[in-house]
Structure formats: structure tokens, C-alpha cells
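Residue numbers for the sequence shown follow full-length UniProt numbering, so the first one is 1 and each next one is one higher.
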Amino acid sequence: MATTAELRKQVNQLAKTLAKQRKWYAGAEWCAVVAQPFYFSIRFGVQKETGKKDTFRLRTAVGVKPFEADEVLWAVLFPNEDMGGPRQRVRIRANGAFATQPLQLIEYTDLVNESTVEKILTGRFTELGHSIDAFIEQQPTVSTFADGVAGLFEAGDTMWQGETMLATSLIAADRNDDAVAYLRGRIAEGDHGSLVIGDVRVHDALLDSLTSAPADSRKDTLVLDEHTTQVWTSVARALRADAPPGTSVSQFTGSAGPSSWGGSFDDDGDVSARHDLPDRPREREFMDALSAAAKMQRARGVAVHIRVDASGAGRVTVVERPDSVESGASAPISAVTRVDGALPEVFRREAVLPAAGRAAGGAADAAAITELIQRRMPDAVGASTELIDAAEQQLGVALPAEVRALYSAAGSGELILSDDEDAPGFYGFEIIPLDDTDYTDLRNAYTPANRFPGWTYGASAAAETAPHGAVQPLAGSPYWFPIGHDWGGNVYAVDLAPGPEGVVGQVLFLDHEVIAGAVRITSSLTELLFSDKAPRIPGADAPNPVVYVNDRSGRTVAEASALPIQALNIGVVSEPVDLSPLITGSSPAAASLRSFEAEPGSLVDPLLIAQLTGLEFLELSPADWQVLFDHDAVPTTLLAASVNGHDLLAIVEVSNRLLAAWSRPLITTAVIELELGPEDAVAATAGNAAVPPAPAVEAARPPKRRWFRRR
1 MATTAELRKQ VNQLAKTLAK QRKWYAGAEW CAVVAQPFYF SIRFGVQKET
51 GKKDTFRLRT AVGVKPFEAD EVLWAVLFPN EDMGGPRQRV RIRANGAFAT
101 QPLQLIEYTD LVNESTVEKI LTGRFTELGH SIDAFIEQQP TVSTFADGVA
151 GLFEAGDTMW QGETMLATSL IAADRNDDAV AYLRGRIAEG DHGSLVIGDV
201 RVHDALLDSL TSAPADSRKD TLVLDEHTTQ VWTSVARALR ADAPPGTSVS
251 QFTGSAGPSS WGGSFDDDGD VSARHDLPDR PREREFMDAL SAAAKMQRAR
301 GVAVHIRVDA SGAGRVTVVE RPDSVESGAS APISAVTRVD GALPEVFRRE
351 AVLPAAGRAA GGAADAAAIT ELIQRRMPDA VGASTELIDA AEQQLGVALP
401 AEVRALYSAA GSGELILSDD EDAPGFYGFE IIPLDDTDYT DLRNAYTPAN
451 RFPGWTYGAS AAAETAPHGA VQPLAGSPYW FPIGHDWGGN VYAVDLAPGP
501 EGVVGQVLFL DHEVIAGAVR ITSSLTELLF SDKAPRIPGA DAPNPVVYVN
551 DRSGRTVAEA SALPIQALNI GVVSEPVDLS PLITGSSPAA ASLRSFEAEP
601 GSLVDPLLIA QLTGLEFLEL SPADWQVLFD HDAVPTTLLA ASVNGHDLLA
651 IVEVSNRLLA AWSRPLITTA VIELELGPED AVAATAGNAA VPPAPAVEAA
701 RPPKRRWFRR R
């Protein structure tokens, strides 16, 4: 009696033979037919029939899609990739993740056994050939195929990736206007497609390919279509209608993207009324309008500034940001970067490996750890020696015997040291598996690149370590080897490259709220697990290389200039400060300073900044940046820069001057001039205007046409 595996193998071999006779493509558990302009996939499944001896259920399913559908998809998602010749491209269609799924055309289910399967499958192949020929005769073009897919949607027959299928089919049929209208409708409903490359969703990428002219990236003008203009006009109308009592001008500055949106208001009326949500239901109407606009944006979203007065006059400025622009929750444009992927100095530091033979922590006892896990985790399954060796090979250094003992005894699971939650000593941790993808983020979360929060916060970050000299002053390190987590995002790691005062194998605590550095809590894993006292999490004890000068801190520039600081922040001061002490030859800060930030009006002479020759990051007000521009004094060492203040348009202007100087793509803006009319001006001033509904977004659907059949 054949097993399921044996019959499946028989089916696959027979299918390959039958496919080759017809000059079809054949692979494991699938066949493919390319009959331009379509691609047909044939898949087989074998399952044991319950309750019937030596009987199996053979499923044969046929799917179809335009051959060019994947070409459209690949051109957008992989513009620089060579997908190979026809056979390789068919193989990618059958097995690849980034392909539009075929639409099921026919499905057969037969009961077979070892002696009947050949006859039945041969007959099915003959029927399949006739069905494919008939389909091509009835639906000769990709355009008619797209109509048929749309007809299925009209009838309520949905399918996996069907929306992407329809969009790519319309594009393949050169029906770009229909594709644009359809994609806009899907995106407006929050459907950005299931396929993702990085942070790009497939529907956004397809729409972008159809609507983005091959423009010069150095131009700063953005062109909005009529539909997008109407949507943002509706948002402005809702903002005006929601104005608090006594308002003559309302403004909003924020960001809007498919995954998040928000910002801040600036009204000259009763501002407190805008935040009184229970008594201000119309504010929700503005939020709803903004949310609708956000859903239709592409992955990176846009920044927006809206200004509208009670008469209906005003302006909407929509800002698209290239990849060289960073943004944050409170700042639509937080920084511009000169080089893709550049990191501040502290995040570029690399660990120095210890000299060969450097001793591990004195309290290490691998055998005791093995016994402890066997006692506390009796059902644990250890990681294989091969897996542990592979981790060592990836690191290029040996794992301490304690770590090998831990993973040999338990590859995963919760190591709780006592049944009494109030018992003294360390409570325990959950072991981070060596190969479990569920923990990939935790195992890699504390590398420098992953801890980097962006230049606005990262430029002035200091590596917080303790005790002094025990831990290398790094943002992160691959040699901080994670072994467990505390169920709160914090990680316990074994240090394989300690500082000069540390020991190999010491246990570090990596705090998820700290963006650089680590602190030692015990000299060994054994000490952590067997001490009768809970470990103390020490605070950083090295001098802080970041200095804040403002009226509240009491610090001065002269004081800071005498220190080897890496970041200086000039905040709100009653009198502008003089930077002269920083640039004297004897100032340690002159060589060490990497980041400088100054609030508007806080500097006597901004031109002195040009003499800080090691700066990587600079944040100034628009006025101070203008001084540097006028004298061609922008430091040439900068890797990133920021413009402070709340005037989005001024920030865009300065940012674009920097980007242009660095030959980077510019921020683009589009301006919508508003003349909403006076019909609800009086009510708006009183804060009681009704909000006209936003225009409905309808997905364009070609005429209904249904031609698929099921069996």
C-alpha cells in the first residue's frame, strides 16, 4: 500500500512526463504554460482520504494571470534586478514571493489510488490543455482579463492579492488611467497591498510609477493632481469649520502617512476650546478629514502646513521629503543628511577584541549552570552543538564555557531561579534562542545601526557605561552577546570584548530606553545566577561629554571649552553667548566637538561656528543659517544638519539650500491657494460651522464581466 509521500512522488514524476510531452514547463509539484499573453500555473496536491483504505484525494488546480503582470511588478519593486531568461522567470513566478498570485481558473478533485492515478491524471492533463486553449480564444487580451477580474470584485468574489492582480493587469494592458484611478481608490480605503519591500508597499509603488514624472530630483516643485488637491482642500475646510470661538486665523502643521498622522494647531481664538474634545465634536471631523488624507499617501507620507482664515482664504502647502530627510513625531522635517547611512562618531566606534588568552570572570562555573537548568527547567531541550558552533563562527570569537553550558542545557525557555517571587537574588530571564526568528529583533536590537534614533537625538548621544573602564564606550557591539531578556525589552548580554578594567564573560545590562552604551551588573553569568543578592543596575559614572548651556543649567561656554566634550547645546539664555572660548588653540573642545545646537537668538556671532573644524552635526535657527550662507561659512565636515523653529516653510527653504549644496535630492512642495468662500465664515468665527463632506473616493472598476468557472 502506497504512502502519501510515495503517491505524491508518483504524481510529480508523472506530471513532469506529461508536461514535457506538451512542451510545458515542469517543476516539483507544479507545471506552467506560457501562452502569450497569459501564464497558466498547474499545481497538484495529494492527501489521504479519511476512512478509505489505499485511497487518496488528488487536487489539480489551474491558475492564470497575464505574463506581463509580474514584469510590471518587478520593474517597480526590483528596477535594477535581472530576472533571468524565460525559464528562470517562470520558476520565479511559480515559487517567488514577489509575484502576483494566479487567479484560480479550474479545480479538479479526484479519488485515486496507486493503480488509477496515471489514467486519471493523464485525462486531466488533456482536459487542461483544452481548457487553456478555450480560455485564450474567449479572452484574447490582457484588457479583457482585467475586465473579468473587476467583474469578480463586483460580484463579491475576492481573492488573495486580487487587487494587485487587477492593478498590474490594467498596467500591462496600457490602461494606465484606469490603473491610477483604481490604485487611488484602494489606497484611500487603506489598502496599500500585501507585498512589501523595505517600507514600500506595492500599491504605493505602482501608483508612484504611474504618476511620478521622471523629474529632475534637484527641482523643488511638486505637482498635485485634481483629486489630491480636492482632498487637501477638504482638510482645510474642516480645519476652518473646527476653529475655536473668536478665531480669525487657524493653522495646522504636521505629517500624514498611511501608518500615522498628527501635528499641532495654532489658533488666534480660544485655544483651550479646541482641546476640549467632549464639548468639541467637530474637532473629530478635522481629524477624520486628515486621517482620510493620510491613508492615500505613499509609504513615507508628506508634511503639510495649512493656514486658513474665517473668510475662507488661505493656503495648503504639501511637502514631500526625499530619503535624505529625517522626520519625527513632533518634527515633519527633523534633519537632512549629506550621506546615506552616515552615523555619528559614537555609533561608528568598533569594539577592540581582547588579547588572546585573556581570562574570564573568576566565578565562572559551567557545570553549576548545567545543573541549575536541569533542576529548574527539567523539560528544556538544549541547542545542538552545531548551532552553538555556528554562533561562534559568525562572531569570530569563542563563547565562554558558561554560555555554551547555558545553551547546551536549554536552547530557549524561561529560567526562573525561585518559586518564591520575593526570594532574594536574581529573579531570572527568558533565554533568547540562537536560531529563533521570533527573537531576531532582540538579538540584533542593540547593534549601533539599530540603536541609532536619527541625527536629531543620535548626534549628541553619549555611550553610557559603568563601572568606568569595565565596558568599552560604544553605542553597541556584536560582541555584547544577548542571552536573555527581562520581558520588558531589556537584554542581558555576555561581554566578549570588555573594557580594560573588565573581564571576558561579564554580564551587561542593555536598557531599551538608552540609545548608546551598556553597564556591567556581574563579572560572570555564574555570579548573576547564584548570588543571594539581586544585581544593582549602576548609572553611568564617566564624565558626561554633552554640555547644556542655558539660564537654568548655570553652565557656561568657557567652562565647556575646557572639557573634551562631544556635544554642546546652547538653549534659552537671557543674553547671547560668545563662542570665542571654544576656538582658542588650548581648548580641548575645539578638537573633540562633534555636535552643536543653538536656539534662535542665543549666539553673539554665529560665524564663529565655521572655526569648529570637527563638527558632524549642526542645528541652528533659519536666521543663523542665513548668516553662514551669506558668508559661505557652512562647515564642510557636516554629515547632517537641522533647522529649529516651528515655521515649516522656513525649515524647508533652509533645508533645500543645504541639500542643494550637497547635491542631494530636494524637498518638493506644492501650494494650494484656498478660496473656500464666505458661506460659513460667520459660523466658523463662532466655532460652529458645519463641515462639508470630503469628496467620496471611488475605485475605478471596468465593466462587469465574469468568465471564470469552478468545478
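Where a beta carbon is used, it is the ideal one built from N, C-alpha and C, also for glycine. Computed from a predicted model, the values in this text were never measured in an experiment.
**OP:** Could you check the C-alpha separation between A303 and E320 for me, to the nearest Å?
**Re:** In the sequence shown, counting from the first residue as 1, residue 303 sits at position 303. In the sequence shown, counting from the first residue as 1, residue 320 sits at position 320. Cα to Cα, the separation comes out at about 7 Å.
Original post:
If I609 and P635 are in contact, beta carbons under 8 Å, what's the gap, nearest whole angstrom?
Top reply: The count along the sequence shown starts at 1 and reaches residue 609 at position 609. The count along the sequence shown starts at 1 and reaches residue 635 at position 635. The Cβ separation is near 7 Å, so the contact holds.
Original post:
Taking Cβ positions, are F145 and S169 nearer each other than 8 Å?
Top reply: The count along the sequence shown starts at 1 and reaches residue 145 at position 145. The count along the sequence shown starts at 1 and reaches residue 169 at position 169. Yes, they are a contact pair.
Original post:
With a CB to CB cut of under 7 Å and the five nearest residues on each side skipped, what residues in its chain are close to R555?
Top reply: Within the sequence shown, numbered from 1, the residue matching residue 555 stands at position 555. Beyond the five residues adjoining it in sequence on each side, R555 comes within less than 7 Å, by CB distance, of V547, Y548, V549 in the same chain, given in chain order.
Original post:
If we count the other Cβ atoms within 10 Å of its Cβ and call it buried at 16 or more, is E527 buried or exposed?
Top reply: Against the sequence shown, residue 527 aligns to sequence position 527. Its Cβ being crowded by 16 or more others within 10 Å, E527 is buried.
**OP:** State the Cα-Cα distance for the pair R8 and R404, rounded to the nearest angstrom.
**Re:** Taking the first residue of the sequence shown as 1, we reach residue 8 at position 8. Taking the first residue of the sequence shown as 1, we reach residue 404 at position 404. Cα to Cα, R8 sits roughly 42 Å from R404.
Subject >> Contacts around L105, its chain only, beta-carbon distance under 8 Å, and the 5 residues preceding and following it disregarded >> reply: Here residue 105 refers to the residue found at position 105 when the sequence shown is read from its first residue. Residues of the same chain with a CB within less than 8 Å of the CB of L105, apart from the 5 flanking positions on each side, are F40, V62, G63, V64, S131, F135, F708, R709 in chain order.
Subject >> Rounded straight-line distance, which links the Cα of A366 to that of A356 >> reply: Stepping through the sequence shown from its first residue, residue 356 is reached at position 356. Stepping through the sequence shown from its first residue, residue 366 is reached at position 366. Looking at the two C-alpha atoms, the distance is approximately 21 Å.
Original post:
Does the separation of the CB atoms of S143 and R175 fall below 8 Å?
Top reply: Reading the sequence shown from its first residue, position 143 is the one you call residue 143. Reading the sequence shown from its first residue, position 175 is the one you call residue 175. In this structure, the beta-carbon distance from S143 to R175 falls below 8 Å.
**OP:** Since I believe V627 is in contact with P606 (beta carbons under 8 Å), could you give me their beta-carbon distance rounded to a whole number of angstroms?
**Re:** By 1-based counting over the sequence shown, the position of residue 606 is 606. By 1-based counting over the sequence shown, the position of residue 627 is 627. P606 to V627, Cβ: 5 Å. Contact.
Original post:
From R657 to P322, what does the alpha carbon distance come to, in whole angstroms?
Top reply: The residue you call residue 657 lines up with position 657 of the sequence shown. The residue you call residue 322 lines up with position 322 of the sequence shown. If I take the Cα positions, the gap works out to 14 Å.
Subject >> Whole-Å CB distance - I431 paired with I483, under 8 Å assumed >> reply: Within the sequence shown, the letter at position 431 stands for residue 431. Within the sequence shown, the letter at position 483 stands for residue 483. Rounded, the Cβ-Cβ distance is 7 Å, consistent with contact.
Subject >> Reduced DSSP category for T17 - H, G, I as helix; E, B as strand; rest coil >> reply: The residue labelled residue 17 in the question sits at position 17 within the sequence shown. Looking at T17 - three-state DSSP - the assignment turns out to be helix.
**OP:** Say whether the stretch 374-387 touches the stretch 615-627, bearing in mind that this needs 3 or more beta-carbon pairs closer than 8 Å, one atom from each stretch.
**Re:** Touching, no, given that fewer than three Cβ pairs across the two stretches are closer than 8 Å.
Original post:
Pick from N569, L648, S115, G129: whose alpha carbon is nearest that of A459?
Top reply: What you label residue 459 is simply residue 459 of the sequence shown in a count that begins at 1. Cα-wise, what sits closest to A459 is N569.
**OP:** Have a look at the DSSP bridge pairing and note the partners of L603.
**Re:** Walking along the sequence shown from the start, residue 603 turns up at place 603. V577, per the DSSP bridge assignment.
**OP:** Name the two residues that bound the continuous beta strand (DSSP E) containing E118.
**Re:** Reading the sequence shown from its first residue, position 118 is the one you call residue 118. Careful: E118 lies outside any beta strand (DSSP E), inside the alpha helix (DSSP H) at 117-138.
**OP:** Helix, strand or coil for T522, going by three-state DSSP, please let me know.
**Re:** For the purposes of this step, residue 522 is identified with residue 522 of the sequence shown, where counting begins at 1. Note: T522 maps to strand in three-state DSSP.
**OP:** Counting only runs of 4+ residues fully inside the stretch 499-556, write out the alpha helix (DSSP H) ranges in chain order.
**Re:** 525-530
Original post:
Roughly how many angstroms lie between the CA atoms of A542 and V346, to the nearest whole one?
Top reply: The sequence position of residue 542 within the sequence shown is 542, counting from 1. The sequence position of residue 346 within the sequence shown is 346, counting from 1. Near 15 Å, if we compare the C-alpha coordinates of V346 and A542.
Subject >> Top-ranked residue by Cα proximity to H203, from D511, K295, S561 >> reply: Taking the sequence shown and counting its residues from 1, the one referred to as residue 203 is at position 203. When each option's Cα is compared against that of H203, the closest is K295.
Original post:
Exposed or buried, L290, counting other C-beta atoms within 10 Å across all chains shown (16 or more means buried)?
Top reply: What you label residue 290 is simply residue 290 of the sequence shown in a count that begins at 1. When all chains shown are included, L290 counts as buried.
Original post:
Count the other CB atoms within 10 Å of the CB of P332; is the residue buried (16 or more) or exposed (fewer)?
Top reply: Translated into positions along the sequence shown, residue 332 becomes position 332. Buried, since its Cβ has 16 or more Cβ neighbours within 10 Å.
**OP:** Could you tell me which of Y457, R664, L73, E392 sits nearest to L206, measuring between CA atoms?
**Re:** By one-based count along the sequence shown, residue 206 stands at place 206. The shortest Cα separation from L206 among Y457, R664, L73, E392 belongs to L73.
**OP:** Quick one: give me the first and last residue of the beta strand (DSSP E) that T337 is part of.
**Re:** Taking the sequence shown and counting its residues from 1, one reaches residue 337 at position 337. From DSSP, the beta strand (DSSP E) with T337 extends over 335-337.
Subject >> Same chain only: Cβ atoms within 7 Å of D208, ignoring 5 sequence neighbours per side >> reply: Counting from 1 along the sequence shown, the entry for residue 208 is found at position 208. Within the same chain, D208 has close Cβ partners R298.
Subject >> Local conformation of S384 per DSSP, three classes >> reply: As a working note, residue 384 is residue 384 in the sequence shown. The answer is coil: DSSP assigns S384 none of H, G, I, E or B.
Subject >> Cβ shell of L508 (< 8 Å), same chain only, five flanking positions each side left out >> reply: Along the sequence shown, read from residue 1 onward, the residue named residue 508 stands at position 508. Hits under 8 Å: V471, W480, Y492, A493, V494, D495, A518, V519, R520, I521.
Original post:
If you run the structure through DSSP and keep just helix, strand and coil, what is W30?
Top reply: Indexing the sequence shown from 1 puts residue 30 at position 30. Here W30 sits in strand by DSSP.
Original post:
Terminal residues of the continuous beta strand (DSSP E) containing D495?
Top reply: One-based indexing of the sequence shown puts residue 495 at position 495. Taken as a continuous stretch (DSSP letters only), the beta strand (DSSP E) holding D495 covers 491-495.
Original post:
Under three-state DSSP, which class holds R404?
Top reply: Counting from 1 along the sequence shown, the entry for residue 404 is found at position 404. The answer is helix: DSSP assigns R404 an H, G or I state.
Original post:
Considering only the beta carbon of each residue, do A633 and F617 sit closer than 8 Å?
Top reply: Position 633 of the sequence shown holds residue 633. Position 617 of the sequence shown holds residue 617. In this structure, F617 does not lie closer than 8 Å to A633 by Cβ.
Subject >> Straight-line gap, E71 to I42 (C-alpha atoms, nearest Å) >> reply: Reading the sequence shown from its first residue, position 71 is the one you call residue 71. Reading the sequence shown from its first residue, position 42 is the one you call residue 42. Straight-line spacing of the CA atoms in E71 and I42 works out to 20 Å.
**OP:** Determine the contact status of L649 and G314, defining contact as a CB-CB distance below 8 Å.
**Re:** As a first step, residue 649 must be located in the sequence shown, where it is residue number 649. As a first step, residue 314 must be located in the sequence shown, where it is residue number 314. Contact: no.
Original post:
Tell me which same chain residues have a C-beta within less than 6 Å of the C-beta of G687, skipping the five on either side of it?
Top reply: In the sequence shown, residue 687 corresponds to position 687, counting from 1. Residue confidence for G687 is low, a pLDDT of 35 falling below 50, so the modelled location carries little weight; the figure read from the coordinates is stated next. The residues are A243, P244, P245.
**OP:** Would you list the one or two residues that DSSP bridges to Y25?
**Re:** Translated into the one-based positions of the sequence shown, residue 25 becomes position 25. Answer is A32, bridged to Y25.
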